[in-house]
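Here the structure comes first, spelled out in structure tokens, and everything after it is commentary.
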Amino acid sequence: MKRIFILLALLLALPAQGTTLRWAAQNDILTFDPHSQNHTTTITLVMHVYESLTRYGKKYDIEPSLATDWKQISPTQWRFNLRKNVKFHDGTPFTADDVIFSYGRIKQPQGTMQIYVDGVKEVRRIDDHTVDFILAGPDPVLLRKLTDFRIMSKVWSEKNRAQNVQDAKAKEESYASRNANGTGAYILKGWEPDKRLVLAANPAWWDKREGNVTDVVYTPIKADATRVSALLAGDVDLVTDLPTQDVARLKQNAALKVLEGHEVRTIFIGLDQFNNELQYSDVKGKNPFKDVRVRRALNLAVDREAIKRVTMRGLSIPAAIMVAPGVHGHTAELDKVSGADPVAARKLLAEAGYPNGFEFTLDCPNNRYVNDEEICQALVGMWAKAGVRAKLNAIPFATHIPKILKHDTSAYMLGWGVATFDSLYTLQSLVRTQTTGADGSFNCGRVSDAKLDALIDAMKTELDVKKRDAMIREALVRVRDEAFYVPLHHQLRPWAMKKNVTTLHRADDRPEARFARVD
Amino acid sequence: MLAFLLRRVGQAILVMLTVGLIAFSLFRFVGDPVVYMGGQDATEAQRELWRRELGLDRPFFVQYWSFVKNAAHGEFGLSLRQVQPVSRLIADRLPATLELSFVAALLAVLAGIPMGIYTALRPRSWLSHALLAGSLAGVSLPTFLIGILLILVFSVTLGWLPSFGRGDVVQLGGWSTGFLTASGLKSLILPAITLGLFQMTLIQRLVRSEMLEVLRTDYIRFARARGLTDRAVHFRHALKNTLVPVITITGLQLGAIIAFAIITETVFQWPGMGLLFIQSVNFADVPVMAAYLCLVAAFFVLINLVVDLLYYAVDPRLRIETQ
Chain A
6 MKRIFILLAL LLALPAQGTT LRWAAQNDIL TFDPHSQNHT TTITLVMHVY
56 ESLTRYGKKY DIEPSLATDW KQISPTQWRF NLRKNVKFHD GTPFTADDVI
106 FSYGRIKQPQ GTMQIYVDGV KEVRRIDDHT VDFILAGPDP VLLRKLTDFR
156 IMSKVWSEKN RAQNVQDAKA KEESYASRNA NGTGAYILKG WEPDKRLVLA
206 ANPAWWDKRE GNVTDVVYTP IKADATRVSA LLAGDVDLVT DLPTQDVARL
256 KQNAALKVLE GHEVRTIFIG LDQFNNELQY SDVKGKNPFK DVRVRRALNL
306 AVDREAIKRV TMRGLSIPAA IMVAPGVHGH TAELDKVSGA DPVAARKLLA
356 EAGYPNGFEF TLDCPNNRYV NDEEICQALV GMWAKAGVRA KLNAIPFATH
406 IPKILKHDTS AYMLGWGVAT FDSLYTLQSL VRTQTTGADG SFNCGRVSDA
456 KLDALIDAMK TELDVKKRDA MIREALVRVR DEAFYVPLHH QLRPWAMKKN
506 VTTLHRADDR PEARFARVD
Chain B
3 MLAFLLRRVG QAILVMLTVG LIAFSLFRFV GDPVVYMGGQ DATEAQRELW
53 RRELGLDRPF FVQYWSFVKN AAHGEFGLSL RQVQPVSRLI ADRLPATLEL
103 SFVAALLAVL AGIPMGIYTA LRPRSWLSHA LLAGSLAGVS LPTFLIGILL
153 ILVFSVTLGW LPSFGRGDVV QLGGWSTGFL TASGLKSLIL PAITLGLFQM
203 TLIQRLVRSE MLEVLRTDYI RFARARGLTD RAVHFRHALK NTLVPVITIT
253 GLQLGAIIAF AIITETVFQW PGMGLLFIQS VNFADVPVMA AYLCLVAAFF
303 VLINLVVDLL YYAVDPRLRI ETQ
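Chains as they are written, first to last, in the working numbering: chain A, 6 to 524; chain B, 3 to 325.
Quick look at the structure:
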């Protein structure tokens, strides 16, 4: 009996065993500066270390993070109470000064994260643990945007001369790009670019981790086959960028499991609806895409189920509207896809005055979205059945984007992710007539519809949730029924892991170690 | 001799300038780095500002000239992708690539020459046939396929060797080496075989054909007539004469090994310069690409120079002609 007690005592005295999660994905992060790069992989790792005032919960509802609660004093003034007794990893306490400092820092023009404080005119200090956000106008998605506004320590940044966001044109690199000091669940232990990034649990974190992962080793593995082999060989525990052709095989492996979930990214085709004569086409003197019947015909001719089955090997959700499930405003009933009907499409084209169809060029990236070029090839075939001859121009994303942004295109493929989980983000960037800022920033085919513009402008500032939801619905339906775009599908992003790993799938494709367990 | 050297150095500079020029004119086709810098939420005005601040809107020759000027000072600027000094990024990766290339070259020579000799001396044995058939596979299979096959067999199925990466490294001054740890050495095996296989088969076939040629010459026949042992005939007389062209080719191939490391490094996630280059291409990171291409060109030029000098030293006929 005594011996058992001694044994038990010994066992209890042993330090808790650390649990390591070895995780591999395709890309490395670009920097650890939290205000520099609006890049998914970078943000995913940075958000383990740095926190914001608000954060997303398991279902993408807004949760308090560094702010414990908030209220609106007026439509343009929000008061945030900050969490007390929170310390940065170096031990300095978190106060209102850090929020004000971070606001000034994220606004610097060399960074690309300003959009997350867009519309905030000023952050005012009330006391050590209270700040007011003064807005240029009412903003119904402010709390969502603030989830990506991460707080740095003012003292630490000044001590290490990292007050400025890193700058590619500067002569030297910034301290904050390789070192980090946040308040988050994990502490950055080291980053060797293209080799590994190591995080360790923060024992003084204010919240409790749901999982048991104490150490995270993140490895970028560029080549698809190598990444999958590493999982099969047991060299990593979790892989998040899976090649579609391997998913079915991985599912059958008894030592692994595949977690399926979708991403809030919609893949679609945009059409030039501005030029009076369509470029790169055999139509002279007019632009067929200005005719709603032609746009409807292009939509009708697409067999989205076939793309899902053949090209995507089951890994897509066919789309009828421009936002994915999970985005505020999406409903299953709006997003119901009707089957392809090339005969009806041909009839519509004939009505529009193109009984023999016409020819145009489809611009398509070949290294950005899952199977992007293959999807475009499938589209060319489907449109051919309706009599429309599309010529495929598949080029790297870095050349594709400047081309379509200059409106040098007649039809193009693009994928749109939704950072705020709200439809406004998509409608404003893709449908609103192009002016300045985010209005129409990626409206490359220059869709312009007075009714939609009015709706979008109204939902930017409407604080009544019911009224705003009705506006979103009306706008999404109008975009669908007027066929301003040809939505194809919402991407699925399966993750593969060893049997002993449990984690929560994230629709923004940002795995979080605090939700993960390794048993 | 000095005139020869000076002439070669002058040519080397010309080659480097040309490589830089060609590289720069190609960069316009890899796309616009500003697109990646901004992500999907950047506005056109922002991108315009960055383009101007980084000097990407200047005419082609102005950009090229400022690159040459800075490069002459050893200044390659900051990477657009990672915002770190290019010179440090490359210095960090150089040891990984050089160690891998060195082991691969060593493997190619140490395995290739004996195999070449054997197949020349015993052309009818079954082992020779097997080696020749094997070398055909080595020459014709693409590098990435060999790499993946090796991973499949030795990592996934047998579980003997790591499937990716470089293992643990030890820092010696500015040089990170994988030679001093068990995991570092284990990680070297598969990539080195992948990278060295092509060169190995090349050397094997070269040695074999040279050796067969030499064995047919008169002096070998006379040596045999004198009653020398097979050993003396084969290794003292035949092999020595075989090796002159082999040394030349091997030297030149070393440059190719360093340059071809791109594919092997991508397959094995080997953190060397090749992997850095591939990722820079995806991001249109012009400063890194330019520096890498110039460095590889410099390697080629340097190796060529050394080989030329070696040739000069080895072959007496060259010296007589210049006199």
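The beta-carbon is built from N, C-alpha and C at its ideal position, and this holds for glycine as well.
Asked	Found
State buried or exposed for residue 18 of chain A, treating a residue as buried only when at least 16 other CB atoms are found within 10 Å of its CB.	Annotation note: pLDDT 44 at residue 18 of chain A (below 50); position unreliable, coordinate value reported separately. Label assigned to residue 18 of chain A: exposed.
Using CA coordinates, which residue listed in B:218, B:62, B:96 and B:22 is at the minimum distance from residue 260 of chain B?	B:96
Looking only at DSSP bridge pairs, what is residue 223 of chain A linked to?	A:28 and A:202
Does the Cβ of residue 13 of chain B have 16 or more other Cβ atoms within 10 Å, making it buried, or fewer, making it exposed?	exposed
Checking 7 Å against the spacing of the C-beta atoms, do residue 436 of chain A and residue 423 of chain A come in under that value?	no
Decide yes or no for the touch test of the region 154-169 of chain B against the region 268-276 of chain B: beta carbon pairs closer than 8 Å, at least 3 of them.	yes
Can you tell me whether residue 147 of chain B is buried or exposed, with buried defined as 16 or more other CB within 10 angstroms of its CB?	exposed
What is the DSSP secondary structure of residue 264 of chain B, counted as helix, strand or coil?	helix
Considering only their Cβ atoms, is the gap separating residue 263 of chain A from residue 26 of chain A smaller than 7 Å?	no
For the structure I just gave you, are there three or more beta carbon pairs, one from the region 274-287 of chain B and one from the region 227-244 of chain B, closer than 8 Å?	no
Is the Cβ of residue 171 of chain A closer than 7 Å to any Cβ of chain B?	yes
Using DSSP with H/G/I as helix, E/B as strand and the rest coil, what is residue 186 of chain A?	coil
Going by DSSP, name the residue or residues bridged to residue 76 of chain A.	A:84
Are the CB atoms of residue 140 of chain B and residue 210 of chain B within a distance shorter than 7 Å?	no
Please go through the same chain and pick out, in chain order, the residues whose beta-carbon is closer than 7 Å to the beta-carbon of residue 36 of chain A, but skip the five residues on each side of it.	42, 47, 171 and 182
Closest to residue 331 of chain A by C-alpha separation, out of A:101, A:512 and A:521, would be which residue?	A:512
Between A:399, A:497, A:260 and A:465, which lies nearest to residue 504 of chain A when the distance is taken from Cα to Cα?	A:260
Would you decide whether residue 6 of chain A is buried or exposed? Buried here means 16 or more other CB atoms lie within 10 Å of its CB.	Low confidence applies to residue 6 of chain A: its pLDDT is 46, below 50, so where it sits in the model is not reliable, and the reading given next is rough at best. Answer is exposed; the Cβ neighbour count stays below 16.
How many angstroms separate the CA atom of residue 168 of chain A from the CA atom of residue 137 of chain A?	22 Å
Report the residues of the region 42-64 of chain B with a CB closer than 9 Å to any CB of chain A, ordered along the chain.	42, 43, 44, 45, 46, 47, 48, 49, 51, 52, 55, 56 and 57
Note down, in chain order, all residues in the region 206-229 of chain A with a beta-carbon under 9 Å from any beta-carbon belonging to chain B.	224, 225, 226, 227 and 228
Step through the CB atoms of chain A and report whether any lies within less than 7 Å of the CB of residue 150 of chain B.	yes
Take the Cβ of residue 138 of chain B as the centre, count every other Cβ of all protein chains shown within 10 Å, and call the residue buried at 16 or more, exposed below.	exposed
Find out if the Cβ-Cβ distance for the pair residue 275 of chain A, residue 450 of chain A is shorter than 7 Å.	yes
Looking at the C-beta of residue 271 of chain A, does it have a partner C-beta in chain B at a distance below 7 Å?	no
Between residue 297 of chain B and chain A, is the shortest Cβ-Cβ distance under 7 Å, so that the two count as touching?	no
What are the residues of the region 105-117 of chain A that lie near chain B, defined by any Cβ-Cβ distance shorter than 7 Å?	114 and 117
Check residue 156 of chain A in the structure and name its three-state DSSP category.	coil
Listing by chain order, which chain A residues have their CB less than 7 Å from the CB of residue 270 of chain B?	231
Can you list, in chain order, the residues of its chain with a C-beta nearer than 7 Å to that of residue 392 of chain A? Leave out the 5 residues immediately preceding and following it.	351, 354, 361 and 362
Which class does residue 467 of chain A belong to by DSSP, given the choice of helix, strand or coil?	coil
What residue range does the alpha helix (DSSP H) around residue 195 of chain B cover?	184-217
With a 10 Å radius around its C-beta and 16 neighbouring C-beta atoms as the bar for buried, classify residue 162 of chain B as buried or exposed.	exposed
Could you check what DSSP says for residue 180 of chain A in three-state terms: helix, strand or coil?	helix
Of the residues that make up the region 20-39 of chain A, which ones have a beta carbon closer than 7 Å to any beta carbon in chain B?	35 and 36
Between the alpha carbons of residue 81 of chain B and residue 274 of chain B, how many angstroms are there, rounded?	16 Å
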